[in-house]
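Asks: For reference, the structure I am asking about is given below.
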Amino acid sequence: MRAITETELRDEYRKNEFTSFTLPEGSRLTPAAAQFLSERRIAVNGNSTSAKNGDGQEKLLGEAGSQTQYKRYQVSEIKEKPEQMTHLNGREMVYKNHPRIKFRGRLDTFEALLINGIIEFEGVGYQEVGRDLREILDYVRQMLRAEVKNEPLVPISFHGWSAEEIRTRSHFPQKYFGVNHLLPDPAQGSYMARLNYLRTQVRELELSAMDAFTVAPEVVEREDIIQGLNRLSSLLYIMMVQLVSGHYRIGC
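Going by UniProt numbering, the residue at position 77 of the sequence shown is 77; the numbering climbs one at a time, nothing skipped.
Now the structure itself:
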């Protein structure tokens, strides 16, 4: 059964606002999609958007097993913001353990790590490494903005390399940089260790993004963000390769 996501509905609504929605045969709404329609009082025709569970109580279609669905609250419903809640967007509030809020927190932490790395590398004269990390920092901020505003994320471009070119270079370092694939090792030194740590934190961010945007079994929203993070981890690996190969030099 195909799941219709909030992202699909939001994109269609941007193109042409509608007051009713016909659910195609053999499909269902994810919880976020059902809420999107409910908030705008859009009538749903066709299959029911809810189903009875064994106790006769209703649950939203798209609920993954016994996982708790993280409810969103309209700002207008809340007279005074509790300390344990925060804004998901301009109209909705959620508890601070909502997966998307956790993802934003990890992005915030990664920004802090990037800033520390920039200061460290530039402080010892690795100016080009600092410039490249600043470019990554800018992209991470674009990613956060796109997630909060629910806007498409522009594909990453680095030194003129497309997302696919970044992926290819990370897979074939010998061809492009004259260095075989690396395994992290203490003998490589502290600066390699710093870049490798940043790479691992992007991998952790990918897992957090999967938690935030997996809205039903095998249904993932914001594939643009997932791909962006995947390319960032490849890019940091490329930076490690370039440091080993001598591309980055102190004073440059």
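Even glycine gets a Cβ: it sits at the ideal position worked out from N, Cα and C.
(1) Check whether the Cβ atoms of Glu147 and Ile225 lie closer than 8 Å to each other.
(2) Tell me whether the beta-carbon of Arg72 lies closer than 8 Å to the beta-carbon of Glu92.
(3) Per the contact definition of three or more C-beta pairs closer than 8 Å, is the stretch 93–102 in contact with the stretch 128–139?
(4) With DSSP run on the structure shown, which of helix, strand or coil describes Leu198?
(5) Can you tell me which residues form a DSSP beta bridge with Arg169?
(6) With a cut-off of 8 Å, do at least 3 Cβ pairs link the stretch 182–202 to the stretch 113–131?
(7) Can you find at least 3 beta carbon pairs, one from the stretch 204–214 and one from the stretch 81–92, that sit closer than 8 Å?
(8) On a CA-only basis, which of Gly160, Phe103, Glu111 is nearest Leu205? Give me that one, please.
(9) Just to confirm my understanding: we take residue 257, look at its own chain, exclude 5 residues before and 5 after, and list those with CB closer than 7 Å. What are they?
(10) Would you please state the rounded distance, in angstroms, between the beta carbons of Phe177 and Val241? I believe it to be under 8 Å.
(11) Below 8 Å between beta carbons: does that hold for Glu221 and Val215?
(12) What does the alpha-carbon distance come out to for the pair Gly251 and Arg231?
(13) To the nearest angstrom, how far is it from the Cα of Phe110 to the Cα of Arg145?
(14) Mind checking if Val220 is an interface residue toward chain D, Cβ cutoff 8 Å exclusive?
(15) Leaving out five residues on either side along the sequence, give the residues of the same chain with a beta carbon under 8 Å from the beta carbon of residue 257.
(16) Apart from the five residues just before and just after Val202, which ones in its own chain have a Cβ nearer than 8 Å to its Cβ?
(17) With respect to the beta strand (DSSP E) encompassing Ser20, which residues constitute its N-terminal and C-terminal limits?
(18) Strictly by DSSP, which residues pair up with Arg28?
(19) When you compare only the Cα positions, how much space is there between Leu88 and Leu9?
(20) Excluding the 5 residues preceding and the 5 following His181 in the sequence, name in chain order all residues of the same chain whose CB lies nearer than 7 Å to its CB.
(21) Between Ile142 and the rest of its own chain, which residues show a CB-CB distance below 8 Å, the 5 nearest in sequence each way excluded?
(22) Are the CB atoms of Arg40 and Ile4 nearer to each other than 8 Å?
(23) Report the three-state DSSP secondary structure of Asn230 (helix, strand or coil).
(24) Please specify which runs of the alpha helix (DSSP H), each continuous and at least 4 residues long, are wholly inside the stretch 89–147, giving them in chain order.
Replies: Inspection of the coordinates gives the following:
(1) yes
(2) Yes, these two residues count as a Cβ contact at 8 Å.
(3) no
(4) helix
(5) According to DSSP, Arg169 bridges with nothing at all.
(6) Enough Cβ pairs lie closer than 8 Å, so yes.
(7) no
(8) Phe103
(9) Residue 257 falls outside the range modelled here, since the chain spans only 1 to 252, and no answer is possible.
(10) 5 Å
(11) Against a cut-off of 8 Å, the Cβ pair of Val215 and Glu221 comes out as a contact.
(12) 28 Å
(13) 15 Å
(14) In the structure shown, chain D does not exist; there is a single protein chain.
(15) The question about residue 257 has no answer here: the residues shown for the chain are numbered 1 through 252.
(16) Phe110, Leu229, Leu232, Ser233, Leu236
(17) 20–23
(18) For Arg28, which the question treats as bridged, DSSP gives the partners Ala3.
(19) 18 Å
(20) Pro173
(21) Reading off the sequence shown, one finds Gln at residue 142, where the question assumed Ile. Leu153, Val154, listed in sequence order.
(22) no
(23) helix
(24) 99–123
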